[in-house]
Each structure stands twice: as structure tokens, then as C-alpha cells.
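Worksheet for the structure shown next.
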Amino acid sequence: MAFWNKEIETMPRAELEKLQLSLLKKNVRTMYDSSKFIHDRMKSVGISPADVTDLKTFRKIPFTVKTDFRDNYPDKLFVRPYEDLERLHVSSGTTGKPTVVGYTRKDLDDWAESLARGMVSFGMSKRDLIQNAHGYGLFTGGLGVHYAAEKIGATVLPASTGNTERQIQLMRDLPVTAFAGTPSYLFHIAEVCEEKGIDIQRDTKLRLAISGGEPWSESMRTKIQDRTGIRMHNCYGASEFYGPSFLECEKQCGLHTWADICYIEILDKNGDQCAEGERGEIVITMLQKEAFPLIRYKIMDISSLTWEKCECGRTHPRLMRLSGRTDDMLCVRGVNVFPSQIESVIGEIPFLSTFYHITLENKNYMDDMVVEVELNESSLKEDMTELLKRTRFVEDKLKNVLSISAKVKLLLPGTLKRFEGKSQHVTDNRRDDW
Amino acid sequence: MENENIITQLSIFVSNEPGRLAAIAGILKEFKINVKGLNLAESSEFGILRAIVDEPDKAYDNIRSRGVIVKKTDVIGIKMKDAPGSLFDAADVLGKAGINIEYGYAYSGRNLDYLFVRVDDTEGAIGILKKAGIELVKRSEI
Ligand SMILES: [Zn+2]
Chain A
-11 MAFWNKEIET MPRAELEKLQ LSLLKKNVRT MYDSSKFIHD RMKSVGISPA
39 DVTDLKTFRK IPFTVKTDFR DNYPDKLFVR PYEDLERLHV SSGTTGKPTV
89 VGYTRKDLDD WAESLARGMV SFGMSKRDLI QNAHGYGLFT GGLGVHYAAE
139 KIGATVLPAS TGNTERQIQL MRDLPVTAFA GTPSYLFHIA EVCEEKGIDI
189 QRDTKLRLAI SGGEPWSESM RTKIQDRTGI RMHNCYGASE FYGPSFLECE
239 KQCGLHTWAD ICYIEILDKN GDQCAEGERG EIVITMLQKE AFPLIRYKIM
289 DISSLTWEKC ECGRTHPRLM RLSGRTDDML CVRGVNVFPS QIESVIGEIP
339 FLSTFYHITL ENKNYMDDMV VEVELNESSL KEDMTELLKR TRFVEDKLKN
389 VLSISAKVKL LLPGTLKRFE GKSQHVTDNR RDDW
Chain B
348 MENENIITQL SIFVSNEPGR LAAIAGILKE FKINVKGLNL AESSEFGILR
398 AIVDEPDKAY DNIRSRGVIV KKTDVIGIKM KDAPGSLFDA ADVLGKAGIN
448 IEYGYAYSGR NLDYLFVRVD DTEGAIGILK KAGIELVKRS EI
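Structural data, given as C-alpha cells:
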């Protein structure tokens, strides 16, 4: 078993917890002094950095939530000037305004370190050639995997998303051994290969994959692995942390988080700490982040955490498979979509009413999103050409905001089912048992 | 005075659910609405039933009272003496005048065939067609 940073990755739990607490205290002190946001939050509950001597006191600090990023758009949470920042990434927010995150040199190094440990843990090395089919650009997936793979000395093929034909050609023509992308995209590639009579096991050297960016199941892993011979490793992260940050090791038994990089709490419905192994809401604190504070952040994902030493020898806590969200966020083709984003686009278009419904399908092994929305009766036109134009108009607007395309169906007023109380805006018919 | 050659067409919006079209037909029958011309345009989500009826205002109120979405649209009725020739003449003069035909549909009457057309400039089209000697349907003739 190879390690990227054996000393830290296999440190006994007691030492690790000591290290974690000292980093936590240091981070709280730094952010209290430099971030008005954290300063005010701590003041509001009467806690100063000197009080934070243990985790119990630390857990009194109020949560940070997604809307804090929106309210402090674009960069008011940053505690470092732009001359200290080396990169920005932008992800979608819940409505209108996106979330902007910044990175100092150290932040970028720590991000790559976190992923580098994970890559080595499932058997990647400098001998690997990784085809990175995560999107390069404002999203964190592409560059995150890119720099970590370079850090361990692997060769990177920055394929980015899309153009399945070319992706397949590249993995056949070049000695590609590893792949990074969403699990559904890998499944799609496997489908296309089969249609073309290409046998991934025979015709390529692919053997490892990092698969994240969307929820997927154990049964999906088994199916794709059996079909392609590629060992798939789950990946977890969010741009607010750094980006994709934590991976599974070759034992495929949960995501290895790093206690010197983050402190993770799992909370039950009442906000109390869950027992080890119990499912609850993930609350994360980044311990070494410099560009902006991320203290007690509610990422809205549900999972459980175990400190049980992994068979691979790593001692850090592992996050089990994510099982749902505490909000209504959807993950479509690896992109986070909030129904509220769609609602705000609809609200700005005068010829639409406020009634809409989102349906998700994955019949062709790729997610399809259909947005049905009722037309406004007073601006109803009996002109079919105009109707088609309006449909395209709404599709363009949605694509601009969501970064992925949705099929739009404009309906007559009164067509959609009305609900008493909270509307049911989403029907998710996606199967994960392919 | 309103132009007597402007014919009021009813545009009835029908969602693409099974039985919806039959329900609309039932309403037309119930109120004894006499349909003189009919055309169905469809998108993938809904259809528009275009109808020329003898008492459009009354029919409009009747249909609306059943919760059906209906709009009034101005169209022109062209009398077709010999179908291919008349169609060409009408389309030709309108085309030359830069008036766009959005859609049209035919109706065979007892003595004569009619072509109902929707154009982007109704008044202008009426003037041009009449000047070219093309006979139009009067509202009172419906
Ligand atoms: Zn392990």
C-alpha cells in the first residue's frame, strides 16, 4: 500500500485529534481577527477565540449557510486582498447570484494535497495517465483534479467535458489508465463503446476512475465495474471547501477525509451531535483555509462519519456514502441545480405564469431535465411560430443561469396540477439501478 | 364603421390530453354553435382549434363560461371561384404588397369554396385584395 504522506495519514487518532484541535483554535483566532463576518457571528453568542478551548465551546459558534455567500456576494467574505489570491472559482448559487470562492497559494496547495493523498490511496501513481473529463473553467472539478494529478506526478490529459466520440478515441489511442468524470458520464461512455463494438477491457488500458460530482449508488458502481473492469472511486467536495476534496481508497469503503484539513460534525434533526456511524447533516469547518473562513458550514448533505481505522491503514475519519440532501438541491449531469434558480428565471419572463414543474429522467443514461411552465393567459398568442420562439427563449435563459440545458414545454394556463400548501415542483424519475 | 370584410375567428386553446378535443366539441354542440370553417394547429404541448362560427361573440361567451381559453382573431375570407387560380392570385398580390400570410385554411360551402387567411396586416390586405378584384366574404354572409 502506497501513501502520499504516510506520517500524517496513519497518525494515531489521539495525536490526530490533538492536531485537529490546535489547528481549529488557530483558525478561529485568525478568522475572528480578520473576518468581520466571523467576528460578528461569534460576538452574537458571546464567544471570543480565548473561550474556544475545546470542541464543545467551538460548537456554539453559529453556522455558516449557503445564503451567507449570496448575501456577501461577490467577495465580501474574503479576508485576503487580491494580491494574495491566485485563483477564483464560481459555482451556481441558490438564486440569481453565483457563489464566488478565492484561493491563496496555500489554499491551492492544500487542495491538491488533499486530493493527492486520495489518488495515491486508490492506487494512482506517476505511472498513470489520467483523462480528466471534469469541466475546466469556473467549476472546480477540472482544475482541482488536474493539479492534484500533476502533484503526484501523473500525466494529465485535460479532456474536459463533452464530445464523447473524441473522449473514446483518446482513451483508445493513448495509454490512458485513469478517468475522472461523473459516474453517469462513464456509464454513457461505456454504452457508446458497446454500440461501437469497443471493449473497454480489451481495447483500452483504463483501470481506475474518480467518479463524483453527482449522487450515485453502490449498485451502479458494481454494474459499471463489472461491465468495464474500471475500479471506481467516489469523490466528495464543494467549491466552498476547495472543490472535489475527498476520495475513496482502494478498499472502496467510504471517503477518506483529512483531520488536519477539516473538522466534520454530523448533526441530527435537533442540531445535536450524532453518535459515530449515525446518519445526519454534514457540518464542515476548513482548518487551514486562508482566503475566506469556512467555519461550521452547513453543506446540506446527509451522511455518517466513522473514525474506525480503515483496512488500508489510514486513521482519519471516513464519510460514508451520501444519502440525500437537507434542501431541495438537484444534481443534474454533475451540476447543482436549485429549483429556486428556475423559479427566478420564470419570474422574470412576462409571458409566463408562476406555475412550473421540473421532471428529471435518465432514460438514455444521461440526465434529462424537462421544465414545464404555464403561459400567462393574457399574453397567450395563437401563433405557433411565436410559441416556438418563446420556447427557445426560455431554454436560452435557463441555460444561461443553470449552465446546463433543459427542455422547456410551454403549457396552457391551468394545465399543471395544483397543490394545496407547498407546491411539488420536482419529479425525479431517475433510476440508479442500471 | 368597422370593415365588413373582417371576419372574427375563434381560437380555442386545447391542451393535448386525451378527451380534451372531444370535450370542446361537446361544448360547441351543447350551445348549438354553427361551425363554418375549422382548422386545428398543434404544438407538442397543446393545440389551437380555429373556428369560423355564425355568431362569434355569443359563441365566445358560451365557450368561456365553460372555463376554456378562447381568443378572438381577425381573419379574411376569400371566395374561391376556381381554387388553384384564386389561391395564386390572392397569395401573389399579398406577397407583392409585403403582407405575410400566417396561416390559412379552406372551407367548402354549399355554393362556393372559401379560404380563410390570417395576415399580419388585416385592413391593408383587404384593401389590396379588393383592388385586385378578388372577392371577399362579408361578415353578414357567414
Ligand atoms: Zn482506506
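Chains as they are written, first to last, in the numbering used here: chain A, -11 to 422; chain B, 348 to 489.
C-beta atoms are modelled at their ideal positions from N, C-alpha and C, and glycine is treated no differently.
Quick caveat, the model's predicted, so the values are computed rather than measured.
Practice task
Report the three-state DSSP secondary structure of residue 160 of chain A (helix, strand or coil).
Solution key: helix
Exercise for the section: Per DSSP, which residues does residue 347 of chain A bridge with? Please list them. Expected result: A/358 and A/415
Exercise for the section: Residues of the segment 395 to 423 of chain B with a CB closer than 9 Å to any CB of chain A: list them in chain order, please. Expected result: 395, 397, 414, 416, 418 and 420
Handout entry: Which residues DSSP lists as bridging residue 424 of chain B, in chain order
Key = B/463
Practice task
Could you check what DSSP says for residue 326 of chain A in three-state terms: helix, strand or coil?
Solution key: coil
Practice task
Using the Cα positions of residue 423 of chain A and residue 372 of chain A, report the straight-line distance between them to the nearest angstrom.
Solution key: Absent from the structure is residue 423 of chain A, since the part of chain A shown begins at -11 and ends at 422.
Problem - beta-carbon residue 299 of chain A near ligand 1 non-hydrogen atom, thresh 8 Å - result: yes
Problem - For residue -8 of chain A and residue 114 of chain A, the rounded distance between their alpha carbons - result: 11 Å
Exercise for the section: Check whether the Cβ of residue 85 of chain A lies closer than 9 Å to any Cβ atom in chain B. Expected result: no
Exercise for the section: Kindly confirm or deny that the segment 220 to 237 of chain A and the segment 275 to 295 of chain A touch, where touching means at least three C-beta pairs closer than 8 Å. Expected result: yes
Exercise for the section: Let me know the secondary structure DSSP gives residue 181 of chain A once reduced to three states. Expected result: helix
Exercise for the section: Indicate whether residue 405 of chain B and residue 481 of chain B have their beta-carbon atoms separated by less than 9 Å. Expected result: no
Handout entry: At least 3 beta-carbon pairs within less than 8 Å: the segment 234 to 248 of chain A vs the segment 100 to 113 of chain A
Key = yes
Exercise for the section: Would you check if the segment 84 to 102 of chain A and the segment 215 to 223 of chain A touch, i.e. whether three or more CB-CB distances between them fall below 8 Å? Expected result: no
Practice task
Can you grab the Cα-Cα spacing for the pair residue 8 of chain A / residue 16 of chain A, in whole Å?
Solution key: 12 Å
Handout entry: chain A residues whose Cβ lies nearer than 7 Å to that of residue 388 of chain B
Key = 372
Exercise for the section: Please decide whether residue 392 of chain B counts as near chain A, where near means a Cβ-Cβ distance under 9 Å. Expected result: yes
Handout entry: Distance between residue 325 of chain A and residue 490 of chain B (C-alpha atoms, nearest Å)
Key = The structure shown does not extend to residue 490 of chain B, since chain B spans only 348 to 489, so no value can be given for it.
Handout entry: Residues bridged to residue 250 of chain A [DSSP beta-bridge criterion]
Key = A/274
Practice task
Return yes when the Cβ of residue 43 of chain A is within less than 9 Å of the Cβ of residue 173 of chain A, no when it is not.
Solution key: no
Handout entry: Inter-residue spacing [alpha-carbon to alpha-carbon] between residue 159 of chain A and residue 119 of chain A
Key = 8 Å
Practice task
Check whether the Cβ of residue 223 of chain A lies closer than 8 Å to any heavy atom of ligand 1, and answer yes or no.
Solution key: no
Exercise for the section: Please report how far the alpha carbon of residue 350 of chain A lies from the alpha carbon of residue 321 of chain A, in whole angstroms. Expected result: 10 Å
Exercise for the section: Check distances from the C-beta atoms of the segment 393 to 405 of chain A to those of chain B and list, in chain order, the residues that come in under 9 Å. Expected result: 397, 398, 399, 400, 401, 402 and 403
Handout entry: Euclidean distance between Cα positions of residue 365 of chain B and residue 260 of chain A
Key = 52 Å
Practice task
Verify whether the separation of the beta carbon atoms of residue 472 of chain B and residue 399 of chain B is less than 9 Å.
Solution key: no
Exercise for the section: In the DSSP assignment, find the unbroken alpha helix (DSSP H) run with residue 282 of chain A in it and report its ends. Expected result: Neither: residue 282 of chain A is in no alpha helix (DSSP H) and is coded neither H nor E.
Problem - Buried or exposed by the 16-neighbour rule on C-beta atoms within 10 Å, applied to residue 459 of chain B - result: exposed
Problem - Where residue 375 of chain A meets chain B, residues with beta-carbon distance less than 8 Å - result: 390
Exercise for the section: Check whether the segment 254 to 273 of chain A touches the segment 291 to 299 of chain A, counting contact only when three or more Cβ pairs, one atom from each stretch, lie closer than 8 Å. Expected result: yes
Problem - Paired residues, beta bridge with residue 397 of chain A - DSSP - result: A/360
Practice task
Starting from the beta carbon of residue 433 of chain B, find every residue of chain A whose beta carbon is closer than 7 Å, and list them in chain order.
Solution key: Neighbours of residue 433 of chain B on chain A: none; closest Cβ ~25 Å, over 7 Å.
Exercise for the section: Could you work out which residue in A/374, A/102 and A/264 is closest to residue 390 of chain B when comparing CA atoms only? Expected result: A/374
Practice task
Mind listing, in chain order, the continuous alpha helix (DSSP H) runs of no fewer than 4 residues lying wholly within the segment 389 to 449 of chain B?
Solution key: 403 to 412 and 430 to 443
Handout entry: Sequence ranges, beta strand (DSSP E) only - wholly within the segment 1 to 87 of chain A, length at least 3
Key = 73 to 79
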